[in-house]
Amino acid sequence: MIRITVFASGRGTNLQAIIDACKRNEIKGKVIAVISNRKNAYALERARKHNIKAIFVDPKKFSSREKYDNKLLEILRLLNPDLIVLAGYTRILGKKIVDEFYGKIINIHPSLLPSFGGRGYYGLRVHRAVLKYGCKISGCTIHFVDDGVDTGPIITQRCVPVFEDDTPETLAERVSKEEHKAIVEAIKLFAENRLEIEGRRVRILSKG
Ligand code: GRF
1 MIRITVFASG RGTNLQAIID ACKRNEIKGK VIAVISNRKN AYALERARKH
51 NIKAIFVDPK KFSSREKYDN KLLEILRLLN PDLIVLAGYT RILGKKIVDE
101 FYGKIINIHP SLLPSFGGRG YYGLRVHRAV LKYGCKISGC TIHFVDDGVD
151 TGPIITQRCV PVFEDDTPET LAERVSKEEH KAIVEAIKLF AENRLEIEGR
201 RVRILSKG
């Protein structure tokens, strides 16, 4: 059973997918805490509903990003999770955290990386850019986090069609459904110890 900590700033539908997959025993693991930078994030409410520790760390209470990251690091050391999932977390984790937990932090990104990733590409902005470019397919990527933005080794990707009449919202909704499947698949593989990072590539080991 792996112990998972989830960072989330928003509605937390990916968090919910993870909680549900743990309950179904599809993921051999348990969400032990949800950390947010937003007090009213619905993800925190979901955590409370499932008796999961909901931790709000107010960025306004810290005079610098470094101090904020130190606080997060202190919390993470106490929680000592096997896996950290960034599921719609709007801040970038500091290098210290990434270095200490490298290989144990994964992120969900709503495009097929390396397209439409990096600074400024988050939320609906991603889908707006995909539509503006005229892409015919889009999708999501689950990757390990390194010290760049959306640059870490890719674990899995799923794609969706882009339709003529799509708006950023309709495309986001279609991608979101695939994210739920992709994040569960990635965590399942992680929990089964089947992910091996080899430079930029993630090798998926066969079962058993
Ligand atoms: C997802 O689209 C994810 O790709 C991005 O943030 C969104 C989070 O959605 N990083 P939710 O809060 O899990 O519903």
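Using the working numbering, you'd call the opening residue of the sequence shown number 1 and step up by one each time. Beta carbons are placed, not taken as given, at the ideal position from N, Cα and C, and that holds for glycine.
How far does the alpha helix (DSSP H) with asparagine 70 in it extend, from its first residue to its last?
Taken as a continuous stretch (DSSP letters only), the alpha helix (DSSP H) holding asparagine 70 covers 65-79.
Applying the 10 Å Cβ sphere with the 16-neighbour rule, what's the burial state of threonine 141?
Per the 10 Å Cβ criterion, buried.
Please report the straight-line C-alpha distance between isoleucine 154 and leucine 112, rounded to a whole angstrom.
Each residue's alpha carbon lies about 10 angstroms from the other.
Determine whether the beta carbon atoms of isoleucine 52 and leucine 83 lie at a separation below 9 angstroms.
Not in contact: isoleucine 52 and leucine 83 (Cβ atoms no closer than 9 angstroms).
Threonine 13 lies in the alpha helix (DSSP H); which residues open and close that run?
Note, threonine 13: alpha helix (DSSP H), 13-23.
Roughly how many whole angstroms lie between the Cα atoms of valine 34 and alanine 43?
Valine 34 and alanine 43: Cα-Cα distance of roughly 8 angstroms.
Per DSSP, what are the beta-bridge partners of glutamate 198 in this structure?
Partner(s): Arg201.
Just list the alpha helix (DSSP H) runs in the region 137-195, keeping only unbroken ones of 4 residues or longer that don't cross its boundaries, in chain order.
You should have 168-191.
Give the DSSP bridge partners of lysine 53, in chain order.
Its beta-bridge partners are Ala33.
Apart from the five residues just before and just after leucine 72, which ones in its own chain have a Cβ nearer than 8 angstroms to its Cβ?
Taken in chain order, the residues that qualify are Ile35, Val57, Leu93, Gly94, Ile97.
Below 7 angstroms CB to CB, which residues in the same chain sit around lysine 181 once its five sequence neighbours on both sides are set aside?
Counting only Cβ-Cβ distances below 7 angstroms, and skipping sequence neighbours, we find Arg158.
Less than 8 angstroms separating the Cβ of valine 31 from some heavy atom of the ligand GRF?
Result no, Cβ not under 8 angstroms from the ligand GRF.
What distance in whole Å lies between the Cβ atoms of valine 145 and leucine 86, which are believed to be in contact at a cut-off of 8 angstroms?
Right, their Cβ atoms sit about 7 angstroms apart.
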